[in-house]
Amino acid sequence: MGETTMNDTAARLLSALPAIYRASDDDGQLRALLDVFERILLASGNPNAPAIADEIDAIPALFAPLGVKPTASRQTVNGPAAIQSEAHAPAPERFMPWLAQWVAFTPYRYFAADELRRIVAGIMPYYGRRGTRDYMQKVLDLCFGKIGMSSIDEHPKRGFVVGTSRVGVDTVLAVREPYWFRVEFRLHEHAAAGAHGAPHDLEERVRAVVEFARPAHTEYELVMAPHRAQPMKVERHIK
C-alpha cells in the first residue's frame, strides 16, 4: 500500500479512534484493516460498486419521480438552513412501477415511464378526496389531460318530464339505477395521431383509470368520443 496521511479519505475511521490506538499502529496494519471497512461503508471510489454511504445519499432520488432541484435556504432560529442543498436525478425507470404502487396507483402498467413520472408526482395531493367525483375528475385530468378532456355526469338520465317525455318513443319505464354515472372522454383536436395509441388501447387505459378512481359500489357508463371536428361516433360500454 502507498503511504497515507491522516487527511486521506482512507484515514477517516482511524482518526476517530482514541490516540492510544493510532500511536501504536507503527506498522500500518490497523490502518490497512480500517481501509477495507472505509471502502465498504464510506467511500469506495468505484461508481460501479458504491459504498453504503453513497447508496444512502442516493435514496432521495429513488422517491423523486421528477428529480430534486436545489432550493434556496430559509431562516431558522439557528440561522439560515438549506431546504435542499443538492440536486438529485429522477428515480430510475426500473424503480417507477414500485413507486407507483407505493402511492397506490394500480393502473401503472398502462402508462409509459415519462407519463408515470408525472402521474406519481402529482397524485398525492388528491388522496384526501378519494371516493368523490372531484377526485376522479382530477385523476382523469392528470392521466389524460394532455390528449383529451373528460367529463363526469352523475345524472345523465333526466327522468320522466310531464309534457315532454313520450313513453315508447324517447322514454321507457324502468327500475332506477342507483349509484350510476357517465364518463365521457373526448380527444383534443390537436392530439397527435397515434400518440395515444389505437382507439381500443386508449379506451382500455381510460377504463382502467376510471375503475381505479371511481367510488366503491358504483356503476358507470364510459363514452369514448372523437374530437368535435370529427363526426360523433360513440361507443358505450356499461360496467
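For the sequence shown, position 60 matches number 60 in UniProt numbering, and the numbering has no gaps at all. Cβ coordinates follow ideal geometry from the N, Cα and C atoms, glycine included. Bear in mind the structure is a predicted one, so any value in this text is a computation, not a measurement.
Going by the CB atoms, is the gap between M96 and P65 shorter than 8 Å?
-> yes
Pick out whichever of S150, P90, A91, R130 has its Cα sitting closest to the Cα of A104.
-> R130
In the structure shown, what three-state DSSP assignment does H155 receive?
-> coil
Grouping DSSP H, G and I as helix and E and B as strand, with all else coil, what is G145?
-> coil
Would you kindly work out how many angstroms separate the C-alpha atoms of I152 and R205, rounded to a whole number?
-> 17 Å
Which of the three DSSP states, helix, strand or coil, is assigned to Y21?
-> helix
CB L41 to CB L30, shorter than 8 Å?
-> no
Is the distance from the Cβ of F63 to the Cβ of L99 below 8 Å?
-> yes
DSSP state of L42, grouped into three classes?
-> coil
Tell whether a beta-carbon distance below 8 Å holds between H88 and V68.
-> yes
Based on the DSSP secondary-structure assignment, which residues constitute the bridge partners of Y220?
-> F181
Beta-carbon gap between M149 and H188 smaller than 8 Å = yes
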